[in-house]
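Here the protein sequences line up with chains A and B, keeping their order. Take any residue in the first sequence, count from 1 to its spot, add 9: that is its number in the numbering used here. Take any residue in the second sequence, count from 1 to its spot, add 279: that is its number in the numbering used here.
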Amino acid sequence: MLMNKTSIGFSKIQTLAVWMLVVFLFFLPVLSSDEFYLNIVISIYLQIILAVSLNLIIKTGKLSFAHAAFMGIGGYTSAMLVMRLKLPFVLCLPLSGVMAAAIAYVVGRVLLKLEGVYFVLVTFAFGEVVRLFFVNLVVPFGGPTGITNIPAPVITFFPGYTMTFLSKASYYYLVFIVMLMTLLIIRRIYRSAIGKIMDCTRETEHLAEFTAIDTFQCKMFAFVVGSFFAGLAGSLYAHYYRYISPESFTFWETVNLVIINVVGGMGGILGPILGAIFLVPLPEFLRGFVEYQRVLYGLVLILTLCFMPAGMLGPLGRIASRLKSKYMTKEGIE
Amino acid sequence: MTVVLQTEGLSKRFGGLMAVNNVAFSVQRGEILGIIGPNGAGKTTLLNLISNRYPPNTGTILYNGKSIVGYPPNRIAKMGLVRTYQSTVSYSGATVWENMIRAQLGYSFLGLWSEFLMTKAVREKSRIQNEKAGSLLRFFGLDAFKDSEARSLPYGYQKLLGLAIGFAGDPQILMLDEPAAGLNLDERTRLTNAIRTINGKGLTVILVEHDMKLVMGLCHRVLVLNYGQKIAMDVPANIQRDEEVIKAYLGVDHELA
Numbered sequence: 010m011l012m013n014k015t016s017i018g019f020s021k022i023q024t025l026a027v028w029m030l031v032v033f034l035f036f037l038p039v040l041s042s043d044e045f046y047l048n049i050v051i052s053i054y055l056q057i058i059l060a061v062s063l064n065l066i067i068k069t070g071k072l073s074f075a076h077a078a079f080m081g082i083g084g085y086t087s088a089m090l091v092m093r094l095k096l097p098f099v100l101c102l103p104l105s106g107v108m109a110a111a112i113a114y115v116v117g118r119v120l121l122k123l124e125g126v127y128f129v130l131v132t133f134a135f136g137e138v139v140r141l142f143f144v145n146l147v148v149p150f151g152g153p154t155g156i157t158n159i160p161a162p163v164i165t166f167f168p169g170y171t172m173t174f175l176s177k178a179s180y181y182y183l184v185f186i187v188m189l190m191t192l193l194i195i196r197r198i199y200r201s202a203i204g205k206i207m208d209c210t211r212e213t214e215h216l217a218e219f220t221a222i223d224t225f226q227c228k229m230f231a232f233v234v235g236s237f238f239a240g241l242a243g244s245l246y247a248h249y250y251r252y253i254s255p256e257s258f259t260f261w262e263t264v265n266l267v268i269i270n271v272v273g274g275m276g277g278i279l280g281p282i283l284g285a286i287f288l289v290p291l292p293e294f295l296r297g298f299v300e301y302q303r304v305l306y307g308l309v310l311i312l313t314l315c316f317m318p319a320g321m322l323g324p325l326g327r328i329a330s331r332l333k334s335k336y337m338t339k340e341g342i343e
Numbered sequence: 280m281t282v283v284l285q286t287e288g289l290s291k292r293f294g295g296l297m298a299v300n301n302v303a304f305s306v307q308r309g310e311i312l313g314i315i316g317p318n319g320a321g322k323t324t325l326l327n328l329i330s331n332r333y334p335p336n337t338g339t340i341l342y343n344g345k346s347i348v349g350y351p352p353n354r355i356a357k358m359g360l361v362r363t364y365q366s367t368v369s370y371s372g373a374t375v376w377e378n379m380i381r382a383q384l385g386y387s388f389l390g391l392w393s394e395f396l397m398t399k400a401v402r403e404k405s406r407i408q409n410e411k412a413g414s415l416l417r418f419f420g421l422d423a424f425k426d427s428e429a430r431s432l433p434y435g436y437q438k439l440l441g442l443a444i445g446f447a448g449d450p451q452i453l454m455l456d457e458p459a460a461g462l463n464l465d466e467r468t469r470l471t472n473a474i475r476t477i478n479g480k481g482l483t484v485i486l487v488e489h490d491m492k493l494v495m496g497l498c499h500r501v502l503v504l505n506y507g508q509k510i511a512m513d514v515p516a517n518i519q520r521d522e523e524v525i526k527a528y529l530g531v532d533h534e535l536a
């Protein structure tokens, strides 16, 4: 009884802390308008959307190396729709997600039948096919040079009031809101029966299958929804840098996302968030050593695997549970 | 007596080996059917064919008069034909309680959209699931281990947990793959009693087992396989006297006592 009460108390503190963090981040551009830092934070947010949506796919036991390709599909879709069809950005953003999800649905029906390393290899190949598709189709997609002069998003909030997301501060809010929605939706999935079913599928697929769990449907769901968010991130990326090329969405981008997941910890959405916060700024602060970025990432990866196999979440989780038990005993004495 | 499960001419070939060869048998509602046979006789393969872990090369499987060949395993389980495994019986990293919840998820899934929105029906369902998990744990004598990881359980209780997971979906037929393998006498008694009790509740049980004593004491009828072929199917008393069976187990030259 007492335990119950106090654990609710602790989770209340957690909720409060998260809300305070969200409010703080909301006012971040007001507190500091330094473009250098805002740019880093926006990159972190984009990587969080990507890494958490990849985590959704990993949660079903499937390691997709096509995640950056789906991001690319989203980016190109958005750029084409805005520039060629002159569709409003508010429509293009979700449509780029839908496009990625639709393609994920079609290829997923085949690819997700593959097991283990075969799936990894074929998603890698698929990612390359997508990249080469953009490289070779010069006419709509600009070939290897990509698409330049992608307009900044223009959103009409109500007739007569339009806003152009040209400044870093305004774009910050756009990415921030999409990231929050992504996190809320994926957290909700993880907490529902769907999340539990994903755990079953990943841990012991045949047992799940023989307790009436449709593991294929589960994997399809994660692959399609995960790719949807990758598509959204692609659209946000395209309109932020205002330039995309096939080189923006290579296999290595997915590798970075996997590293973010491994370093942060793959247990839930918190891991990839931590991983992105830790890893994305690293190359920015080591500008002089850009050519060593991969070496650095590799080093971080090896060190993590050696000393924190559960990622940053491992030791942090232990500290949190220690705090929790401390807090609970204190409460118990009172 | 009604027939709930029936196979006709069921065969499975692995390369040059006929693992299951033209097996026809039927299971009656409410009985405990034992499947025995020497090592490699095709007992587990037979279960794998019925639950469609892999499809048969030839033959039919009728469940309640309807062919289920080619159905995905999850659908077969949802129809009430559930099997357990010899080795991986539970989600080893999850707690016993979590295992009981997970065991029910597939049967009561209300669709992606409702589950995501956590509608009233979903909340009501998870309340029922919690209640059921509690009563299942009490029924199988596992409530003391509620918060333990499944892998930390004594071996006998792990097997019981596997049985509880199979039972959680309210199956019509429960197929158990060597549930007593590696158990000591105590654990074996506990398991036998559990099987007898769930059978008493009207559940049909198919039991693949090596332990003769257990099979003879528990089963209403016994199917004997040897080299993938059915060599006998009868009540235990007759099986023990069957010449073919004795030959399969003890060799040709054995003198009948």
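The beta-carbon is built from N, C-alpha and C at its ideal position, and this holds for glycine as well. Being a predicted model, the structure only gives us computed values, none of them experimental.
Who are the Cβ neighbours of residue i in its own chain at under 8 Å, not counting the five residues just before and after it?
{"i": "Ser427(B)", "result": "Thr374, Val375"}
{"i": "Ser41(A)", "result": "Leu47"}
Alpha carbon to alpha carbon, how far is residue i from residue j?
{"i": "Arg244(B)", "j": "Ile82(A)", "result": "Summary: the structure shown does not reach residue 244(B), with chain B confined to residues 280 through 536, and so no result is reported for it."}
{"i": "Thr281(B)", "j": "Gly530(B)", "result": "36 Å"}
{"i": "Met188(A)", "j": "Leu55(A)", "result": "7 Å"}
{"i": "His248(A)", "j": "Phe166(A)", "result": "18 Å"}
{"i": "Ile537(B)", "j": "Leu90(A)", "result": "Any answer about residue 537(B) is impossible in this case: the structure gives chain B only from 280 up to 536."}
{"i": "Gly235(A)", "j": "Leu497(B)", "result": "50 Å"}
{"i": "Gly385(B)", "j": "Ala221(A)", "result": "5 Å"}
{"i": "Glu430(B)", "j": "Gly441(B)", "result": "According to the sequence displayed, residue 430(B) carries Arg and not Glu. Distance between the alpha carbons of Arg430(B) and Gly441(B): 12 Å."}
{"i": "Arg331(A)", "j": "His76(A)", "result": "36 Å"}
{"i": "Gln285(B)", "j": "Leu121(A)", "result": "33 Å"}
{"i": "Glu340(A)", "j": "Met29(A)", "result": "Because the pLDDT of Glu340(A) is 45, which lies under 50, any placement of that residue in the model is unreliable, and the number read from its coordinates should be weighed accordingly. The alpha-carbon atoms of Glu340(A) and Met29(A) are separated by roughly 23 Å."}
{"i": "Leu326(B)", "j": "Ala527(B)", "result": "21 Å"}
{"i": "Ser393(B)", "j": "Ala217(A)", "result": "20 Å"}
{"i": "Arg292(B)", "j": "Leu146(A)", "result": "49 Å"}
{"i": "Phe98(A)", "j": "Val361(B)", "result": "51 Å"}
{"i": "Glu300(A)", "j": "Ile253(A)", "result": "21 Å"}
{"i": "Gly338(B)", "j": "Gly344(B)", "result": "14 Å"}
{"i": "Val144(A)", "j": "Ala134(A)", "result": "15 Å"}
{"i": "Arg303(A)", "j": "Pro162(A)", "result": "32 Å"}
{"i": "Phe238(A)", "j": "Ile194(A)", "result": "10 Å"}
{"i": "Pro38(A)", "j": "Leu141(A)", "result": "38 Å"}
{"i": "Ile112(A)", "j": "Tyr127(A)", "result": "19 Å"}
{"i": "Tyr85(A)", "j": "Val115(A)", "result": "18 Å"}
Verify whether the separation of the beta carbon atoms of residue i and residue j is less than 8 Å.
{"i": "Ser201(A)", "j": "Phe395(B)", "result": "yes"}
{"i": "Tyr350(B)", "j": "Asp456(B)", "result": "no"}
{"i": "Ser62(A)", "j": "Ser87(A)", "result": "no"}
{"i": "Val233(A)", "j": "Gly117(A)", "result": "yes"}
{"i": "Arg538(B)", "j": "Met512(B)", "result": "Beyond the ends of chain B as shown, which are 280 and 536, falls residue 538(B); an answer cannot be given."}
{"i": "Ser290(B)", "j": "Pro335(B)", "result": "yes"}
{"i": "Val494(B)", "j": "Ile315(B)", "result": "yes"}
{"i": "Phe185(A)", "j": "Thr132(A)", "result": "no"}
{"i": "Asn505(B)", "j": "Ala298(B)", "result": "no"}
Please work out which residues of its chain come closer than 7 Å, Cβ to Cβ, to residue i, disregarding the five sequence neighbours upstream and downstream, and give them in chain order.
{"i": "Thr69(A)", "result": "Met207, Thr210, Arg211, Cys227, Lys228, Ala231"}
{"i": "Asp490(B)", "result": "Ala459"}
Is the shortest distance between the beta-carbon of residue i and the beta-carbons of chain A less than 8 Å?
{"i": "Pro352(B)", "result": "yes"}
{"i": "Thr367(B)", "result": "yes"}
{"i": "Ala400(B)", "result": "no"}
{"i": "Glu394(B)", "result": "yes"}
{"i": "Leu440(B)", "result": "no"}
Hey, is residue i's beta-carbon within less than 8 Å of any beta-carbon in chain B?
{"i": "Glu212(A)", "result": "yes"}
{"i": "Ser201(A)", "result": "yes"}
{"i": "Lys339(A)", "result": "Because the pLDDT of Lys339(A) is 47, which lies under 50, any placement of that residue in the model is unreliable, and the number read from its coordinates should be weighed accordingly. It does not; no Cβ of chain B falls within 8 Å."}
{"i": "Ala221(A)", "result": "yes"}
{"i": "Glu343(A)", "result": "With a pLDDT of 35 at Glu343(A), under the threshold of 50, the modelled position of this residue cannot be trusted, and the question is left open."}
{"i": "Leu63(A)", "result": "no"}
{"i": "Leu11(A)", "result": "Caution is warranted here: a pLDDT of 40 is assigned to Leu11(A), below 50, making its placement in the model unreliable, and the coordinate value is therefore given only provisionally. No, its Cβ sits nowhere closer than 8 Å to a Cβ of chain B."}
So the candidates are the options; which of them puts its Cα closest to the Cα of residue i?
{"i": "Tyr333(B)", "options": "Asp513(B), Thr339(B), Thr324(B)", "result": "Thr324(B)"}
{"i": "Lys411(B)", "options": "Asn343(B), Asp449(B), Leu391(B)", "result": "Asp449(B)"}
{"i": "Arg381(B)", "options": "Val348(B), Leu415(B), Met358(B)", "result": "Leu415(B)"}
{"i": "Arg475(B)", "options": "Phe304(B), Glu310(B), Ile510(B)", "result": "Glu310(B)"}
{"i": "Thr367(B)", "options": "Phe219(A), Glu300(A), Gly284(A)", "result": "Phe219(A)"}
{"i": "Met379(B)", "options": "Ala447(B), Pro515(B), Leu284(B)", "result": "Ala447(B)"}
{"i": "Lys205(A)", "options": "Leu326(B), Glu377(B), Leu328(B)", "result": "Glu377(B)"}
{"i": "Gly240(A)", "options": "Pro103(A), Met275(A), Val32(A)", "result": "Pro103(A)"}
{"i": "Pro160(A)", "options": "Glu300(A), Tyr180(A), Ile22(A), Pro168(A)", "result": "Tyr180(A)"}
{"i": "Thr259(A)", "options": "Phe294(A), Gly243(A), Asn270(A)", "result": "Gly243(A)"}
Looking only at its own chain, which residues have a Cβ that is under 6 Å from the Cβ of residue i, when we skip the five neighbours before and after it?
{"i": "Ile57(A)", "result": "Met188, Ile282, Ala285"}
{"i": "Tyr342(B)", "result": "Leu284, Leu360"}
{"i": "Ala443(B)", "result": "Leu415, Phe419"}
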